[in-house]
Amino acid sequence: MSILIDENTKVLVQGITGSFGARHAKLSLEYGTKIVGGVTPAKGGQFFENVVPIFDTVGEAVKETGATASAIFVPPAFAADAILEAADAGVELIVCITEGIPVMDMMRVKAMLKGSKSRLVGPNCPGLVTPGLGEKSHGGCRIGIAPGYIHKRGNVGVVSRSGTLTYEAVWQLTQLGYGQSTCVGIGGDPINGTNHQEVLEMFNNDPETEAIILIGEIGGNAEVEAARWAKDHCKKPIAGFIAGATAPPGRRMGHAGAIVGGDEDTAQAKKKILAECGIAVAETPSVMAKTLLERWGK
Amino acid sequence: MNIHEYQAKELFDRFSVPSPKGKAASTPKEAYDAAKWLAVNHLVVKAQVHAGGRGKGVFKNGFKGGVHLVESPEAAREIAASMLGETLVTKQTGEAGRLVRKVMIAESVTIQRELYLAILMDRQSCMPVIIVSTEGGMDIEEVAEKTPEKILREFVNPLAGLQAYQVRKICQALGLQTTARQFGRLLHSLYKLFIDCDCSMVEINPVVVTTDDHVYALDAKFNFDDNALYRHPEIQAMRDKEEEDPREVAAAEYDLNYIGLDGNIACLVNGAGLAMATMDIIKHHGGDPANFLDVGGGASKEQVAAAFKIILGDKAVQGIFINIFGGIMDCNIVAEGVVAAAKETGLSLPLVVRLEGNNVEAGKATLAASGLNIVAADGMDDGAKKIVAAVA
């Protein structure tokens, strides 16, 4: 088991003919992911890498391939439309990699997805990986831009807003000999489809996941809400890290969502609440895996 | 992105948000002409800088106050002459202060009541929220802390937009009667402006009710969503690069995310989260980061070289820590960019490099073969310790 995706998940790539989308679609194929179709308007009928059929619309692609997940690589100005098109076509899991989508667009998308059966992960995220059992975790499902080879199949769930910090945690785990059930990058934007708490709930219900790493940063209170939920409901050991302890207030630190507003927004305040909720807080980003193993009793 | 007060006034005019008549001036002569054009007896002259606390600010030439009330075009000209081309220091500008290139000349109104009004994007509800208070002109955070009952938050469904009943509710909470219709029109106009211009925040503190029962937006603070600027060329044109850190302006030209800080250890990192975490770990080991710098996931050799030069432009920098987790990004490209830039700039500062990920062996070989004095680090913890030791 794993969450959201496994090696049998059939995946579409919206924006498969763009340079970014093409590059990562190819890497996902090489990783063993079932990329069953691509979508680029006006390029229907062509093939990507001579094997993956390209469709004009998501609806057509879903009908022809039975895909249940889609990775979105379209430029920011068209990304909101791409998300809504995927939802309209009934795609169960929509993963939006695109960075730089206007907040107003995401606000409308969020409101329109309310009550929909589609789940959105992202935007501005590295995507998801459920590692496979092959060499360097080959044979798993990779949706997005994470490097596949750093993973290892195992029992730790990883959830994070940041891409490179996720890789850092995953690599630490793999080097210490511990694999991952699923790694979920929820994205660095102020409005995103899936939050920390929802992913924690899924990990808590997933029999394969035995322990969890939760990585957050300054800005908003999603990590705090997740920690408070975990205190009462999560039965599995959790280690956490919050980036941005040295960030000056009022400055946007790369991610649109990473900005210190009020006193509750600081890394120090969040770490304190995480600790109060029973999460083992890593003192530095280089000991995220080590902190988890200590809490986990390994 | 921020804008000046006179630019906010232009937006207000475009969206029919009532505000006192006024004009910007770049010379004392223009200030005089603007005052003549206004043709009123009570005027206000305001220095235009991106910083609060102007009224209590002091110019470096000794002239006191960035906001002055005057009663004639001649006086407006004289005050403008004392401000233009001079540097204003306020509690928000820091010691360096800000050069005043423009002043605004506006009609001064007689105030009966001051109210607070803001619209911002609430990330928890994912909706715009309107915040109002009867305590206008005050520090709103202080009001929220001491008298939270005096603040009303009204959430707006983004698909439906602002509803008439919500406006009535807000007017009632503010105790507006004869001026409720005027305030309602202002609120509808401001909401339209907020949505149409992709604002992340607009704050009017205060909205005033004048003694002759007019409602005006007096002072405004805008924040725009940087992601949406591409569809607002007219707002992009309002950007005043002179008000921004020149290093940040240079970084933006290369699509780099750079924020200058006060320390002496420069960082060059890929990914915003890792960049923040790198600053944190430097601090943890007793060092002081000089900047936040995210070169992005797919940086080119040129971008890395540009980033290197920008961090070296900061004279406080005494050492550099490069922390790259090249998941997909080729570590050798980073290494080549670093070597090229280090050679070009004749680097003499300590340089610690931590490379991990894709094509890492080739990257390490490039660094080793460069003949440069580069300290290789094994992991980010080791790297942070080494750079802190090197600048100590």
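Heads up: the sequence lines are chains B and F, in that order. First residue of the first sequence? That's 30 in this note's numbering, and the numbers climb one at a time after it. First residue of the second sequence? That's -14 in this note's numbering, and the numbers climb one at a time after it. Backbone N, C-alpha and C define an ideal beta-carbon position, used for all residues, glycine too.
{"query": "Cutoff 7 Å: residue 194/B Cβ touching any chain F Cβ", "result": "yes"}
{"query": "CB contact check: residue 312/F to chain B, cutoff 7 Å", "result": "yes"}
{"query": "Integer Cβ distance of residue 191/F from residue 204/F, believed to fall under 8 Å", "result": "7 Å"}
{"query": "Contact the region 299 to 319 of chain F vs the region 337 to 349 of chain F: 3+ CB pairs below 8 Å", "result": "yes"}
{"query": "Spatially closest choice to residue 94/F from 65/F, 75/F, 3/F, by CA coordinates", "result": "3/F"}
{"query": "Min CB distance residue 39/F to chain B below 7 Å", "result": "no"}
{"query": "Proximal residues of chain B, C-beta to C-beta of residue 226/F below 8 Å", "result": "What residue 226/F touches in chain B: nothing, since even the nearest Cβ is about 17 Å away."}
{"query": "Within chain B, partners of residue 183/F - CB distance below 7 Å", "result": "131, 133"}
{"query": "Chain-ordered chain B contacts of residue 109/F [CB-CB under 9 Å]", "result": "249, 250, 251, 254"}
{"query": "Beta bridge counterpart(s) of residue 82/B as assigned by DSSP", "result": "76/B"}
{"query": "Where the beta strand (DSSP E) through residue 309/F begins and ends", "result": "304 to 311"}
{"query": "Cβ shell of residue 302/B (< 7 Å), same chain only, five flanking positions each side left out", "result": "253, 256"}
{"query": "Stretch pair the region 253 to 264 of chain F + the region 185 to 192 of chain B: three plus CB contacts closer than 8 Å", "result": "yes"}
{"query": "Spatially closest choice to residue 373/F from 264/F, 171/F, 28/F, 332/F, by CA coordinates", "result": "264/F"}
{"query": "C-beta atoms of residue 111/F and residue 136/B nearer than 7 Å", "result": "yes"}
{"query": "C-beta contact flag for residue 318/B and residue 201/B at 7 Å", "result": "yes"}
{"query": "First through last residue of the alpha helix (DSSP H) which encompasses residue -10/F", "result": "-10 to -1"}
{"query": "Buried or exposed by the 16-neighbour rule on C-beta atoms within 10 Å, applied to residue 281/B", "result": "buried"}
{"query": "Option nearest residue 87/B by Cα separation, candidates 75/B, 76/B, 113/B, 77/B", "result": "113/B"}
{"query": "Opposing strand residues paired with residue 339/F [DSSP bridges]", "result": "308/F"}
{"query": "Any C-beta of chain B under 7 Å from that of residue 304/F", "result": "no"}
{"query": "Same chain only: Cβ atoms within 6 Å of residue 72/F, ignoring 5 sequence neighbours per side", "result": "45, 82, 84"}
{"query": "Chain-ordered neighbours of residue 220/B on chain F, where CB pairs are closer than 9 Å", "result": "106, 108, 111"}
{"query": "DSSP three-state assignment for residue 268/F, whether helix, strand or coil", "result": "helix"}
{"query": "In chain order, each alpha helix (DSSP H) run of at least 4 residues that lies wholly inside the region 40 to 116 of chain F", "result": "58 to 68"}
{"query": "Separation of residue 320/B from residue 309/B, as counted between CA atoms", "result": "7 Å"}
{"query": "Closest residue to residue 12/F among 40/F, 5/F, 61/F, 6/F (Cα-Cα distance)", "result": "61/F"}
{"query": "Simplified DSSP assignment, three categories, for residue 35/B", "result": "coil"}
{"query": "Simplified DSSP state of residue 299/F, which is helix, strand or coil", "result": "coil"}
{"query": "Option nearest residue 91/B by Cα separation, candidates 250/B, 111/B, 39/B, 51/B", "result": "39/B"}
{"query": "Beta carbon proximity, residue 259/F to chain B, threshold 7 Å", "result": "yes"}
{"query": "Own chain residues within Cβ distance below 6 Å of residue 70/B, not counting five before or after", "result": "85"}
{"query": "Nearest candidate by alpha-carbon position, reference residue 70/F, set 33/F, 91/F, 285/F", "result": "33/F"}
{"query": "Where residue 215/F sits in the DSSP three-state scheme", "result": "helix"}
{"query": "Neighbour flag for residue 210/B against chain F, beta carbons, 7 Å", "result": "no"}
{"query": "Coarse secondary structure for residue 191/B, derived from DSSP in three states", "result": "coil"}
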